[in-house]
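Sequential numbering from 451 applies to the sequence shown in the numbering used here.
Glycine included, C-beta positions come from ideal geometry on N, C-alpha and C.
A quick note: this is a predicted structure, and the numbers were derived from the prediction, not measured.
Below: the structure, in structure tokens.
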Amino acid sequence: MKFPPSFILPFTIGLLFISVFLIIIIGIWISELSKIDKSRIVHNIFTRKSWLALRETFSESLLHRKIFRKNPVLGYMHMSLAFGWFLLIVVGHIEACVHYQTFKVPAYKAIFMRYFMTEPSITLSGKILAACMDLLLLFVLSGVALAYYKRLNSKSFGMKRTTKLKTGDRIALFALWLIFPFRFLAESVSAGIHHNGSIISQPTGQFLSSILPVQSLEMPLWWSYSGALGLFFFALPVSRYMHIPVEVVMIFLRNYGIKVQKRIDGYSRIQIYSCSRCGICLDSCQMAHAAIKDTQSVYALKHIRNRRITDEKLFNCLLCGRCQPDCPVGLELNSLRLTQRIESTKEYNSSYEYLKNGKVEVSPQTEVIYFAGCMTHLTPAIIKSMKEIFAVAGVKYWFMDEDKTACCGRPLMQIGQYEAARKLIDHNRERILASGAKKLVVSCPICYKVFKEDYAIAGITVQHHSEYLLKLIADKRLPVHKMPLRVVYHDPCELGRGSGIYHQPRLLLDKYVEVIPIMNEKEAAYCCGGSLANIKIQMNERNQIRDKAMDEYLSYQPDMLATACPLCKKTFAKNRTLPVHDIAEIVYMALKKDNKIVIPKESFNKIENQFYGHIFDSLNQH
């Protein structure tokens, strides 16, 4: 019995190690899923969703389509390494099967083909496959060269910032950078000895044989290639490159309908390990506008993975979601951070003695429940506008939080106080169901998102007031009067990226004013900086974020800034450089016969300061 050469040992042992490790760790993560999520896997694995997942794996994990669209050079670099390596494996195995005329070819013979195939290919298929392998290796090497250059000069790739490498990352990266140059040199040297190369390896081998003792270099180079492969496999679990296999699993589970829950489970761990720490999300984070450059999602996930997360990194985030559209993997970045906040936060006593569980008395003719929200009560012009609009349209409504006691619960949820938030949610759900109404209209996007996702009230339609007002116009219950105003619309984070409501506010505004298209809008829209989700940021830092956004809006020279969020309105109004109005106010303006309305000036007076102080004091008690 002829034993294979000893140089294959590093590769073989490394491949065995990573295979066993992945089977065990992914098995553990799958076992941590809920029964519902496990059943989703079972019911969907042999459906069209698996095909969709396979297609996404090909387009994103191999071709890196999202990165390519954002940065073609960076996309090519990632694609050449991922897709090129994949093709080397597939085509290399096909070549080995053709050469040995069997499908039962050991992996090492395909990986080290040029060592074992000591004679040149004489068949046409063999020559074509050999040429393809040479071209594919050149394709991968071009990506390696770009990776070298990117490490030295990332700004030339259009990246303002990149992430730092830890020890495991450096070892894996060092090994990855060596794998393909060693393979090229080993194959070229073997080609110089056995004349079994192709269009690139053969002339390179002939050149090397003319200047170097290739006979004595062959085995060291094959050992180096095998060693680099083995080292990469062993370093993979403790490096950022763990995302390569885990990302594929994540894509399949996501297509099966599995989402990050409000608890740490196997899927949240899979998402965390799927982060490649590419750093693409860094440039989209507005925290950098306030010189805060170490709390972004990529850093938070790294520290969560390494179990070194601190409150400063965990809670110093706006949860605006601006980084999520840029994530090439499509991670639920906000949900992952929120889950960790829930995990890390100790519940404080929240009795909510003010909650009244008495009977809800609502007229049987009531069409809708109107929920303003805490922030809307601090911008009374919005409430006044909605009341007048309801009156004009003849809407019978119940003002659910008119007494200002019913918070939706989302601010508590955003800072990790999930159980406390549940108390408010359960109380509010009982009141809503007791009303008998079938539609809930909300003015605050923060409230809108939690009512849509966490209340889950059967038979109740939840609408933001921009959606509802548009419906009133469609039903001919509201007149339309175009005003000669040029308006920039600011997409609120929770309404836009958080809930996918982009078009309705613009359609509504377009009926009353001219909406100016701007560069950073919709998914790329700026956060106002006023988010209650960040309990670590300072007021001056909030102002820097706000002013940066306002500077861009002012560059379009609008007559006013429109938004659909009371918190955004209040935050931008403090800048005092441009009139800021909610879309409900603008509709009310148009409904006035003389097209005039007096909007109260919002400022942080004594009462408002006390209110905000109470909120932030409560949030800091985690």
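(1) Since Leu890 is in the beta strand (DSSP E), which residue starts that stretch and which ends it?
(2) Quick one: Cα of Phe553 to Cα of Ala560, how far?
(3) In whole angstroms, what is the alpha-carbon distance linking Leu1028 and Cys943?
(4) Buried or exposed: which applies to Arg505, given that a residue is buried once 16 or more other Cβ atoms fall within 10 Å of its Cβ?
(5) In whole angstroms, give me the CA-to-CA distance for Ser500 and Gly729.
(6) For Phe457 and Phe684, what's the separation of their Cα atoms in angstroms?
(7) Once you ignore the five residues that flank Arg719 on each side, which residues in its own chain have a CB closer than 8 Å to its CB?
(8) Since Cys725 and Val688 are thought to touch, with beta carbons under 8 Å apart, how far apart are those beta carbons, to the nearest angstrom?
(9) Count the other C-beta atoms from every protein chain shown that fall within 10 angstroms of the C-beta of Ser666, then say buried if there are 16 or more, exposed otherwise.
(10) What is the DSSP secondary structure of Thr612, counted as helix, strand or coil?
(11) With a floor of 3 residues, list each beta strand (DSSP E) that falls wholly inside the region 666 to 702, ordered by position along the chain.
(12) Shortest alpha-carbon distance to Lys888 belongs to which of Ile819, Asn970, Gly618 and Pro522?
(13) When the Cα of Ser674 is compared with those of Phe634, Gly948, Trp535 and Ile759, which residue comes out closest?
(14) How would you label Gly772, buried or exposed, when you count the other beta carbons within 10 angstroms and need 16 or more for buried?
(15) Within a Cβ cutoff of 6 Å, which residues of the same chain sit near Ala822, ignoring the five residues on either side of it in sequence?
(16) Taking Cys767 and Thr745 to be in contact with their CB atoms under 8 Å, please state how far apart those CB atoms are, rounded to whole angstroms.
(17) With DSSP run on the structure shown, which of helix, strand or coil describes Tyr939?
(18) Expressed to the nearest angstrom, what Euclidean distance is found between the alpha-carbon atoms of Pro631 and Leu786?
(19) Would you report the Cα separation of Thr612 and Gln721, rounded to the nearest angstrom?
(20) Consult DSSP for His514 and reduce its assignment to one of helix, strand or coil.
(21) So, at 7 Å on beta carbons, what are the nonlocal neighbours of Pro955 in its own chain, with the 5 sequence-adjacent residues on each side left out?
(22) Kindly list the residues whose CB is nearer than 6 Å to the CB of Met1000, restricted to its own chain and excluding five residues on each side of it in sequence; keep chain order.
(23) Can you name the start and end residues of the beta strand (DSSP E) that Tyr820 belongs to?
(24) Based on Cα-Cα distance, which residue from Pro934, Lys921, Leu920 and Cys977 lies nearest to Gly948?
(25) Between Ile923 and Ser489, what straight-line distance do the alpha-carbon atoms span, to the nearest angstrom?
(26) Of the residues Phe467, Ala975, Val963 and Lys961, which one's Cα is nearest the Cα of Tyr952?
On the basis of the coordinates in this document:
(1) Lys889 to Val892
(2) 11 Å
(3) 20 Å
(4) exposed
(5) 29 Å
(6) 17 Å
(7) Trp479 and Glu482
(8) Wrong, their Cβ atoms sit about 14 Å apart, outside the cutoff.
(9) exposed
(10) coil
(11) none
(12) Ile819
(13) Phe634
(14) Here the sequence assigns Arg to residue 772, which means Gly is not the residue at that position. Label assigned to Arg772: buried.
(15) Ile833, Asp851 and Ser893
(16) 6 Å
(17) strand
(18) 38 Å
(19) 20 Å
(20) coil
(21) Ser916, Tyr939, Ala1014 and Ile1033
(22) Asn1025
(23) Val818 to Phe821
(24) Cys977
(25) 44 Å
(26) Ala975
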